[in-house]
Structures are given as C-alpha cells and as structure tokens.
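K.L.:
Protein chains in written order, with my numbering: chain A, 130 to 445; chain B, 256 to 441.
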Amino acid sequence: MSWPEALDPKGPEADAVAGLIWSFTGLCAFIWVLVMVALAVALIRRHRQSEDPLAVTIGEERRVEWIVGGLAVLTGLIVIGLTFISYGAQARIFGLGGGDVAIDVIGHQWWWEVRYPSDTASATVVTANELHVPVGKLVRLRLTSTDVIHSFWVPSLIGKADLIPGRTNTLAFTADRPGVYAGQCAEFCGLQHTHMGIRVIAEDDADFTAWKAGQVAAAHEPATPAQAAGKAAFLSNPCVSCHAIRGTTAGGTLGPDLTHLASRTTIAAGTAELTRGTLAAWIADPQGMKPGTNMPTMKLSAADLNTLVDYLMGLK
Amino acid sequence: MRRLLLAGLVALSLAACEREDREYRPDPIVTETPQKIALTTLSPGDTPPITDLSDMGAQYTANAYHVSQGKKWFSAFNCNGCHSNGGGGSGPPLMDDKWSYGGKIENIAQSIREGRPNGMPSWRGKITDEQIWELAAFVLSMSGNVTSDVANGRNDDMAGKPPENMTPQQPPQPGGQVPKSAESPQ
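#1: Could you please give me the residues that DSSP links to residue 234 (chain A) through a beta bridge?
#2: When you compare the region 341-354 of chain A with the region 278-294 of chain A, are there three or more beta-carbon pairs, one atom per stretch, that lie closer than 8 angstroms?
#3: Does residue 416 (chain B) pass the burial test, meaning 16 or more other C-beta atoms within 10 Å, or should it be called exposed?
#4: Since residue 188 (chain A) contacts residue 301 (chain A) with CB under 8 angstroms, what's their CB separation in whole angstroms?
#5: Closer than 8 angstroms, CB to CB, is residue 332 (chain B) near chain A or not?
#6: Are the region 405-416 of chain A and the region 317-328 of chain B in contact at 8 angstroms, needing three or more beta carbon pairs?
#7: Do you know offhand how far residue 249 (chain A)'s Cα is from residue 345 (chain A)'s?
#8: Evaluate residue 405 (chain A) with the Cβ neighbour count: other Cβ atoms within 10 Å of its Cβ, from every protein chain shown; 16 or more gives buried, anything less gives exposed.
#9: Could you have a look at residue 358 (chain B) and say whether DSSP puts it in helix, strand or coil?
#10: Are the C-beta of residue 380 (chain B) and some C-beta of chain A separated by less than 8 angstroms?
#11: On the DSSP bridge assignment, give the partners of residue 292 (chain A) in chain order.
#12: Which bits of chain A does residue 386 (chain B) rub up against, with CB to CB less than 8 angstroms?
#13: With distances taken between CB atoms, is the gap from residue 214 (chain A) to residue 149 (chain A) smaller than 8 angstroms?
#14: Residues in the region 256-286 of chain B with C-beta within 7 angstroms of chain A's C-beta atoms, listed in sequence order?
#15: Under 8 angstroms between the Cβ atoms of residue 307 (chain B) and residue 427 (chain B)?
#16: For residue 331 (chain A) versus residue 294 (chain A), is the C-beta distance shorter than 8 angstroms?
#17: Would you kindly check if the distance between the Cβ of residue 359 (chain A) and the Cβ of residue 437 (chain A) is under 8 angstroms?
#18: Got a sec, what are the start and stop residues for the beta strand (DSSP E) residue 328 (chain A) sits in?
#19: Against chain B, which members of the region 256-276 of chain A pass a CB distance test of less than 9 angstroms?
#20: Please tell me whether residue 383 (chain B) has its Cβ less than 8 angstroms away from any Cβ of chain A.
#21: Against chain B, does residue 251 (chain A) count as a neighbour if the rule is that its beta carbon must be under 8 angstroms from one of theirs?
#22: Use the C-beta contact count for residue 180 (chain A): other C-beta atoms within 10 angstroms, 16 or more gives buried, fewer gives exposed.
#23: Give, in chain order, every unbroken run of the alpha helix (DSSP H) that is at least 4 residues long and sits entirely within the region 136-211 of chain A.
#24: Which residues in the same chain as residue 319 (chain A) place their Cβ atom closer than 6 angstroms to its Cβ, once the five residues preceding and following it in sequence are excluded?
#25: For residue 349 (chain B) and residue 335 (chain B), what's the separation of their Cα atoms in angstroms?
#26: Measure the CB-CB distance between residue 385 (chain A) and residue 242 (chain A) and report whether it falls below 8 angstroms.
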C-alpha cells in the first residue's frame, strides 16, 4: 500500500479531480503573474506630467475604458468557464448516471459500515472499514451517517464527499489497477477522528466474486474445542449487545458485523493490522488502543479472552 | 493585586474541568460494583435495613461525559423502545417524580442490572457495569436530578422536549405527585 496521493491519480475519476486542481492552479497562477507584471510596469513607468493635472484627454480615457471593460468581461468569462469545467468533473464523480457496483457506506463514530445491497436479503454483504471493488468497473457509493458528519476520502481514487446524517450523497470512482488504497475520514468527527481509516481493495473480477461469495456465506462454525469455548464466551458476554455474527443469537448493530472478521486486514477502523495479538489487545483494553471509542472494557478472564480470540480469528 | 486576582481566576477555572473529566478506562479488576441496596424500609429488629453503597453513583452523576454516553446507550440499547424519550410507553415514564423502585442512582443502576417485574429485562452480562452506571446517570438527568452543567445540552435528533440541562428538577416523591391536570374534581 503506497502513501495516498491526490496528485497521483489511480483512476479516471481521480484523474478528473487532479485535472481540476491543475487547471485551476495553473490558470490562477498565470493570471496572478500577469497582474503582478502589470503592477510592476505601472510602478516603474513614469507618467508624463502635463501642465494641467485636471486636463482630460478624451482619446486616452476611451482607451482606458476599453481596457478595463474588456478585462472585466474576460474575468467573467474565465469564471464561467471554470464553473463549467468544475461541473463537468462533478457530474462524473457524483455518479449521476449510475454505476456497475453499488455500495452503501455508513459512517459511525469511529468506523465505516460497508454494505453491498442486493434484492435477495441473504446475498447482502455487510462488512466494515474495507471496500472491495472490481478493477475497471464504475463503483457508485451512497454515503450517509448515523451520528455526526464524516467525510469519505481515498486520495488516490476519489474524494472528498461528506457523510451527513439523514441525507445520502453519492460518489463514483473506478480503480484502474489492482491494489490497496488507503483512505481516511476527512471531516473532524470527534475523539477518534484520526483512527477512522478505510481501505479500498481493488481486485480483478474473479477475486472480487470469490470475496463476495465468501462474505455472503454463513459464519464458520468452531472447529476446535477452544473455538467452541470462545463462541460460548462471545455469546455470554456484552459482545452480543453491539456486534452481530450471522447465524448466532448475536444481532447487535451498534458495532461492526463480525461474521467474517478474520477476512479483514485491520481492526478498529485501521488502528492496527489484524493479527491474533492486536485483536487480543483490542478486546482486553480497547480504551488503551483507541481512547474514547464506544467499545467498552469487558474484563474477561484470561481463558475467555484466549478462546474468544481463537474463535474470532477462525471467522474467515 | 491584579496578578493575584488573575491567578485566582485561573485556579478557579481549573475547578470546572472535573465535570469534563473523561474517564475511558474503568477499574480493570472489578467486574461489578459490589453494593447492597435495600428495597424496603422494613427490617427485623430495631435498625433500618443495612445498605452498602459504593461511590460510583456520586462519581457518575457529577460527570458530563458519562451522562452523555448514557444518552447514547439509552437509544442504542433500545431503552426508548419502552420508555420513549422519558415520557414512558409500555414502560413507566422516567422524567417524572415517581420512582417505583427508588429514585437514587444506585436504585436505578440496580433496576437496570437486575431487571424488574412486568417487563424490565435484566441487563447484567448484556452490557458492562460502567455502561449501566452511565445509563443510570442519564436516566437521573431526565428528571433534572443532576446539575445542569453536567446534563446534556442538546438532543442529537429531533425531540419533543428540551434537552436535559433545561429540565426543571423534579425530586423523587413517594408515589409521585399528581399533576394539576389529573386532580379531581377538575
């Protein structure tokens, strides 16, 4: 995963945004230089002193009128031109014409809920903090929030667009090449705004279809006695009030869906890479890793914690 | 003199920080607040029932962060499903002065933890002890029984009532006071 870079676009929509940045900056810089040169010339060139300072030369006045009037009209034309360029790019990145893949992104304090809607309820994919997209397909995001305003920003691919409670914004992008692209919440949203990362994983069609099939599948049943004990620990602790694992009695919606937790690459919205160790640390002391997060300290016994992590790491 | 006054003012402003103190990490050892709460004033012998309260109640009612988190849990764990926004529905109202099981924060925490007959479920093991205390502190603020600098200053969503810090205090009354509108003859 490379450092995200808005000026190093990795898709046509990101190209359009970068194009806007370059054309606006370039044109404005050019005009600024012209103005500065004109100002310098006016300062350096000495004006002829006439006998009568109040004398009016009709011809000269006309000329000045034409120059000033012409520049005013030119300024108006440039602003209108830039507005059209800007609208042209916006029409693309807002995905007004629809897309090949529809994804709902719902902002929470402080994580991203990601849903791939489907007419069949059982084919709906629910995951968190990770956006899998097929390469070369136009992806259309529908963005909303449940609490405060967040902002979706993956610099290499697209952004930014706000996630606003009670409103749905749209954003469309295409990833040209397979890869992992880092993103970040770009609107201050509270204590852990910094630790609200998202990853876009672009992969070819076959990989994407396989991933989706894996996400739709039922949660893995415990394979070992330790995992079975972990499942029992999960279901008898406060985990169930906020998290869901499909196929069990855990159906909370306050935190991320954990049905396929181990298939993801990070935990706590990109706070740490997902490993057995970080997961155990996160469950044992979430407030140490991400102070202020809504995940409470649960005070599990060591045995429960161990088996619980066994179980969760088995949820591929 | 002016310098002294200034220093005094700065020191005074620090005193206001306590209500904002955000205590994220609870005691890592204790899993449930050990306390004894009597549900009745009757007891055998000549002493009143023995109660044993922790300082959790005072700590949570004086802290704006905990009360605010409590408000979040109140809708997150569907308390408003039965109690509405305090006005009551299939559960009793929480913004009035009538408390069937006691109107102290310890009583409220106990009601949440243990559950009560006729519908109130027990939340022990479903949410953490600290979340129970945060909820109890928020429930107390609904009837104006926490100080207004601690109570929430706004509602996150549209609401039919002013936020908790503008709620007039309604101290618990045995049996609750009958509102003027319900008195007879009218």
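Even for Gly, the Cβ is constructed at its ideal location relative to N, Cα and C.
P.N.:
Taking the geometry as given:
#1: DSSP, once it has assigned bridges, lists A:243 and A:272 as partnering residue 234 (chain A).
#2: In short, these stretches do not touch, since the Cβ pair count stays below three.
#3: With a 10 Å radius around the Cβ and a threshold of 16 neighbouring Cβ atoms, residue 416 (chain B) comes out exposed.
#4: About 57 angstroms separates the beta carbon of residue 188 (chain A) from that of residue 301 (chain A), a gap too long to meet the 8 angstroms contact definition.
#5: With 8 angstroms as the cut-off, residue 332 (chain B) counts as an interface residue toward chain A.
#6: The region 317-328 of chain B and the region 405-416 of chain A do not touch, with fewer than three beta-carbon pairs separated by less than 8 angstroms.
#7: Pairing residue 249 (chain A) with residue 345 (chain A), the inter-Cα distance amounts to about 11 angstroms.
#8: Only exposed fits residue 405 (chain A), as fewer than 16 other CB atoms lie within 10 angstroms of its CB.
#9: Looking at residue 358 (chain B) - three-state DSSP - the assignment turns out to be coil, as it is neither helix nor strand.
#10: Yes, residue 380 (chain B) counts as interfacial toward chain A.
#11: Per DSSP, A:279.
#12: The answer, in chain order, is 367 and 425.
#13: Yes. Within cutoff.
#14: For the region 256-286 of chain B, which is checked against every Cβ of chain A, the residues closer than 7 angstroms are 277, 279, 280, 281, 283 and 286.
#15: Not in contact: residue 307 (chain B) and residue 427 (chain B) (Cβ atoms no closer than 8 angstroms).
#16: It is not a contact, given that the beta carbons lie outside the stated cut-off.
#17: Yes, these two residues count as a Cβ contact at 8 angstroms.
#18: Per DSSP, residue 328 (chain A) belongs to the beta strand (DSSP E) from 326-332.
#19: Residues 276.
#20: The beta carbon of residue 383 (chain B) sits closer than 8 angstroms to some beta carbon of chain A.
#21: So no, residue 251 (chain A) is outside the interface.
#22: Residue burial annotation: residue 180 (chain A) is exposed, with fewer than 16 other C-beta atoms found within 10 angstroms of its C-beta.
#23: Fully enclosed alpha helix (DSSP H) runs of 4 or longer: 141-173.
#24: So the list reads 238, once near-sequence residues are dropped.
#25: Using only the alpha carbons, I get a separation of about 10 angstroms.
#26: Closer than 8 angstroms, so yes.
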